[in-house]
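As they're listed, the protein sequences go chains A and B. Counted from 1, the first sequence has number 31 at position 32 by numbering that gives the first Met the number 0; the numbering is strictly sequential. Counted from 1, the second sequence has number 161 at position 162 by numbering that gives the first Met the number 0; the numbering is strictly sequential. A quick write-up on the structure given underneath.
Protein chains: 2
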Amino acid sequence: MPPNGPARITQPMTHEDETGPQPTLVLVRPQMGENIGAAARAMLNFGLDRMRLVAPRDGWPNQKAVAMASGAGRVLDRAGVYDDLPAALADCDYVYATTARSRELSKPVRTPERAMAEARAMRAEGKRVAILFGPERAGLENEDVSRANAIITVPVNPDFASLNLGQSVLLMAYEWGRQSLHAEPEIMGLARTDFATQVEVEALANHFEERLDAVGYFFPETKAAGMKLVLRNMWTRLALTRADVQMFHGMLRQIFRKLG
Amino acid sequence: MPPNGPARITQPMTHEDETGPQPTLVLVRPQMGENIGAAARAMLNFGLDRMRLVAPRDGWPNQKAVAMASGAGRVLDRAGVYDDLPAALADCDYVYATTARSRELSKPVRTPERAMAEARAMRAEGKRVAILFGPERAGLENEDVSRANAIITVPVNPDFASLNLGQSVLLMAYEWGRQSLHAEPEIMGLARTDFATQVEVEALANHFEERLDAVGYFFPETKAAGMKLVLRNMWTRLALTRADVQMFHGMLRQIFRKLG
């Protein structure tokens, strides 16, 4: 797992609603230290750093968790460790259990999208929200689910459902981040682009039109006006940068310098 | 990785807009077979099964990929394998590159959310969309990104960004699955545009590059490679229609016919 993966962003995130605590992700009876470390990394990718552990199988602290967490070690350092689930949830206002729809327990079922929207709203009111994740092999037991207010189920392919613990944590963290990090790179990118001015695009269009006229491109005569209109329309549609415009001028100039 | 993780659902997914092909996920020069298998699983969780591989490091087929894919083996069975990226993208109408914002190449940047909304709308119009993922260590190179129409960047914590290949694929597949059909008019406009295919844009880029080479445009020699990259990147960024491409070919051909 490289420190710099293929997907990262340089823009600062904004948090407009930092009233209450972040959601707390509770790993219930996790088995592998590596998965605890991976969960810490997945969380921190989206700015979540409140983790609680209930009865981790191999005790705590866990060196494999630390090794896997790498740069996200501070999530583990701060993690609360509890003997049982009621202790871990004692101060929580609202609890979600991530699980398949239970056939035995009737509980409201939420998508990650809806649940994180609710969590955001509760946070704004100063409430503490917890999200439970079950052990790797079997997931949460009914006993665990019975302590939650609602269920979160990821809508996956019914013919192939294989999300593991780290992936479930990642998707929940992503949903939290997607809704709360107001990074709109396309709009920022648009705002920062050094577009050519109208007058520069006009000059480029004229340059091409004159040169193409000279080489007989607008032919036959009866279609010339229409061809010029289509070409002029294209130049403005392309959203050229100032650098693009210079490049197009340069290309045309060089061709005519060499051949003309 | 257990076959039944903690998060699954019993509800069938609905596909209301199955007009065109699914998005194709293209793994560019992937290194570890395990990661190819994990990507296949992540995709199939959300119903995606079109994978292409460009020059996988350890050749193909790959037993480690098969072992990791487990129940998602059919994604690998169907995967197309290509020697280079242009071959893999030849029939694609619109290409996204997953990467951090490039400081060198200017391209529109999209969130996964926005990109998948666009992809859904383009699919409804029968278009083939590809999403590129780079190799594990270094991600996509500028050369690869220059062949994409737009960039997808996951908005992550700027102080801790550690998404690996499998996680990036998972998040993109999740976004695909998450979204409903309420495409915005602006996005529908994008979907209806008759964009030139990748192979057509590639041919145009080659045509200009050859002609400009012949007239000594790429000067001095030390800057030639960089100038070519910038130019190639521009062609894909402009989102040229099929008609634009024909017009550019025609302009250049006529100039050389007359002067050459």
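Note that the Cβ used here is the ideal one computed from N, Cα and C, for glycine as well.
| query | result |
| --- | --- |
| Short-range partners of chain B found in the stretch 67-95 of chain A, where Cβ spacing is below 8 Å | 69, 70, 71 |
| Reduced DSSP category for residue 204 (chain A) - H, G, I as helix; E, B as strand; rest coil | helix |
| DSSP beta-bridge partners of residue 50 (chain B) | B:24 |
| Distance CB(residue 24 (chain B))-CB(residue 132 (chain B)) smaller than 8 Å | yes |
| Within chain A, partners of residue 105 (chain B) - CB distance below 7 Å | 192, 240 |
| Cross-strand partners of residue 215 (chain A) (DSSP beta bridge) | Answer is none; residue 215 (chain A) lacks a bridge partner. |
| 8 Å Cβ cutoff met for residue 316 (chain B) and residue 151 (chain B) | Examination of residue 316 (chain B) is not possible in this model, given that chain B is present from 0 through 259 alone. |
| Three-state secondary structure assigned by DSSP to residue 132 (chain B) | strand |
| 9 Å Cβ cut-off: residues of chain B touching residue 143 (chain A) | By Cβ distance, chain B contributes nothing, its closest Cβ being about 10 Å from residue 143 (chain A), past 9 Å. |
| Members of the stretch 111-124 of chain A that neighbour chain B once the beta carbon cut-off is set at 9 Å | 111, 112 |
| Min CB distance residue 253 (chain B) to chain A below 8 Å | yes |
| Collapsed DSSP secondary structure at residue 96 (chain B) in the structure displayed | strand |
| Straight-line gap, residue 10 (chain A) to residue 75 (chain A) (C-alpha atoms, nearest Å) | Below a pLDDT of 50, predicted positions are generally treated as unreliable, and residue 10 (chain A), at 37, falls in that range; the measurement from the model is reported next regardless. Computed Cα separation, rounded: 26 Å. |
| Beta-carbon neighbours of residue 233 (chain A), restricted to chain B and to distances below 8 Å | 243, 246 |
| Cutoff 8 Å; reference residue 136 (chain A); Cβ partners in own chain excluding five residues on either side | 30 |
| Where residue 37 (chain B) sits in the DSSP three-state scheme | helix |
| Per-residue DSSP class, three states only, for residue 152 (chain B) | coil |
| Short Cβ contact (8 Å threshold) for residue 191 (chain B) with residue 124 (chain B) | yes |
| Nearest-angstrom Cα separation, counted from residue 200 (chain B) out to residue 138 (chain A) | 49 Å |
| Residue 241 (chain B) versus residue 85 (chain B): straight-line alpha-carbon distance, rounded | 18 Å |
| Under 8 Å from the C-beta of residue 215 (chain A): neighbouring residues of chain C | Absent here is chain C; the protein component of the structure consists of chains A and B. |
| Residue 32 (chain A) to residue 56 (chain A) span [Cα, whole Å] | 9 Å |
| Residue 155 (chain A) versus residue 230 (chain B): straight-line alpha-carbon distance, rounded | 42 Å |
| Chain-order list of residues whose beta-carbon lies under 8 Å from that of residue 203 (chain A) (same chain, five-residue window excluded) | 195, 234, 239, 244, 247, 248 |
| Length of the line joining the Cα atoms of residue 114 (chain B) and residue 177 (chain A) | 13 Å |
| Residue 220 (chain A) classed as buried or exposed, judged by whether at least 16 other C-beta atoms fall within 10 angstroms | exposed |
| Proximal chain A residues relative to residue 170 (chain B), where beta-carbon distance stays under 7 Å | 173 |
| As assigned by DSSP and simplified to three states, the class of residue 58 (chain A) | coil |
| Closer than 8 Å to chain B by CB, residue 52 (chain A) | no |
| C-alpha distance - residue 134 (chain A) paired with residue 43 (chain A), whole-angstrom precision | 20 Å |
| Given residue 70 (chain A) as reference, the closest of A:98, A:41, A:225, A:128 once Cα atoms are compared | A:41 |
| Contact list for residue 156 (chain B) against chain A, beta-carbon separation under 8 Å | 12, 43, 44, 45, 46, 176 |
| Sub-8 Å separation of residue 94 (chain B) and residue 120 (chain B) beta-carbons | no |
| CB contact check: residue 166 (chain B) to chain A, cutoff 8 Å | yes |
| N-terminal and C-terminal residue of the alpha helix (DSSP H) that residue 165 (chain B) is part of | 164-177 |
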